[in-house]
C-alpha cells in the first residue's frame, strides 16, 4: 500500500517562498506560451511510461476576448522499462523523429532530437519545447515513486539512491541534506500542495489540460508571458507536480522568473528568479547565481546556460527554465507580425 505522508509532517525550508499563483490575468497585447507534459504508467510503474504533451502560443489583443492561437504542438511518447523509446507521435508530424524509436533514451539526446527537426528547433516552436523537455520530465518523475511507494519500497529506494552522483547540482552538493548520514538518498522531499493552473474567469488562460485523475503521475507545466513596454518583459512560471494517493496535487519543483531584455538585441538587462518549491534546503542557492547570465542574449541561452550554470552553482530545473527563454525572440517576432494585435 502506498505511503501517503501527510504534508504537514514534512519539514519545509525557509529558503523558498511557497507555491505561487501560477496564472495571472493575461495582459493586453501580449503572447502567452503554455506547455504541459504528463507522465504516467497505464499498466503499472514497472511497465512502460506514457508521456503526453501539449503546448500553445496565444496572442491576446486589446482585451481578454480578442485572442488568436498562433502555434501549437502535441506529443505522445511511450518509454519502456529499459528506457527505450517504444513509440513517438507528434503534431505537427515529423517522420524523421521515428529514428529514435527503439533507441535507448540516453542515446536520443536533446542535441540529436534537435538535429532531426531543425526547422522546429530554429523556430523555437511549441513542439520543439515539448521535445526538449522530455529528458526533464523523465528525470523528475522519480518523485512519483517516492509518493506512491510503501515503507518497504522506500527503504529499497534509499539503497538504490546510494549510487546517485554527487555534486551534479546545488541540491545534490556532496554535503547536502539530500543525502542521509549513511550516504543514501533522502526518500522524503519538501513538497507542498499546489492550486490548479487554470483560472475560473479565463477559459483561455491555458491550453486544454489532461484530466485530473488519482493515479501515479507527474506533470511539468510552463507559462511564459511576453510583452513590450519600452523594454521586452518576460514573466515565467515553471512547476513539476505529482498526484498523491489521497488525490492532492503537490509541487516538487517550482520557480517564477522575471526578465527584462532589450527588444532589439535580446540582451538580458534584468533577471530575477524566485524559488517557490524545492526538495532540499540547498536547492534555492542556485537562484543566487543567475546574474551570471546578465548581458547575455536570449537566443543563446539554450547553449550557454548549461556551461555557465553547471554543477553545484546551478539547478537542473532552473536551468531548464532559463533554456526555454531561448524561444522568446521567436514569440516577439510573432507579435511583431500582428501589428494591430488583433
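Numbering (the UniProt record's numbering), first residue to last: 1 to 342. Note that CB positions come from ideal geometry on N, CA and C, so glycine has one too. In this text, all values refer to a predicted model and were calculated from it rather than measured experimentally.
Neighbourhood of residue 267 by C-beta, 7 angstroms cutoff - its chain only, sequence neighbours within 5 removed: Short of 7 angstroms from the beta carbon of residue 267, and not among the five residues preceding or following it, lie these beta carbons of its own chain, in chain order: 261, 295, 297.
Using the three-state DSSP reduction, which class does residue 104 fall into: helix, strand or coil? Strand, per DSSP.
How far does the alpha helix (DSSP H) with residue 308 in it extend, from its first residue to its last? 301-308
Three-way DSSP call (helix, strand, coil) for residue 126 in this model: helix
Apart from the five residues just before and just after residue 97, which ones in its own chain have a Cβ nearer than 7 angstroms to its Cβ? 88, 90, 116, 117
Between 148, 259, 143, which has its C-alpha nearest residue 324's C-alpha? Comparing Cα positions, the closest option is 259.
9 angstroms Cβ cutoff met for residue 312 and residue 113: no
Coil, strand or helix - residue 172 by DSSP: coil
Once the 5 residues before and after residue 329 are set aside, which same chain residues still bring their CB inside 8 angstroms of it? Excluding residues within five positions, the ones whose Cβ falls inside 8 angstroms are 124, 266, 298, 299.
Anyone know if the C-beta pair for residue 231 and residue 263 falls short of 9 angstroms? Going by C-beta atoms, residue 231 is nearer than 9 angstroms to residue 263.
Please determine if the region 27-35 and the region 50-62 are in contact, where contact requires at least 3 C-beta pairs separated by less than 8 angstroms. yes
Quick one: residues in its chain with C-beta nearer than 7 angstroms to the C-beta of residue 338, no 5 flanking neighbours on either side, listed in chain order? 59
Can you tell me whether residue 193 is buried or exposed? The criterion is at least 16 other CB atoms within 10 Å of its CB, across all chains shown. exposed
Give the straight-line distance between the Cα atoms of residue 220 and residue 241, rounded to the nearest whole angstrom. For the pair residue 220 and residue 241, the Cα-to-Cα distance works out to about 7 angstroms.
Which residues in the same chain as residue 139 place their Cβ atom closer than 8 angstroms to its Cβ, once the five residues preceding and following it in sequence are excluded? 316
To which residues does DSSP link residue 29 through a beta bridge? Residue 29 pairs with nothing; no bridge assigned.
Could you tell me the alpha carbon to alpha carbon distance between residue 79 and residue 63, rounded to whole angstroms? 42 angstroms
So, helix, strand or coil for residue 117, using DSSP? coil
Would you call the region 221-229 in contact with the region 18-33, where contact means no fewer than 3 C-beta pairs closer than 8 angstroms? As far as the Cβ criterion goes, the region 221-229 touches the region 18-33, which means the pair count is three or higher.
Within 10 Å of its beta-carbon, does residue 215 have 16 or more other beta-carbons around it, so buried, or fewer, so exposed? exposed
What residue ranges within the region 251-284 form continuous alpha helix (DSSP H) runs of no fewer than 4 residues, ordered along the chain? none
Could you pull out every residue in the same chain whose Cβ sits closer than 6 angstroms to the Cβ of residue 75, ignoring the five residues on either side in sequence? 53, 90, 130
From residue 332 to residue 233, what does the alpha carbon distance come to, in whole angstroms? 10 angstroms
So which of 119, 16, 24, 137 has the shortest CA-CA distance to residue 201? 24
Through-space distance from residue 66 to residue 303, alpha-carbon basis: 36 angstroms
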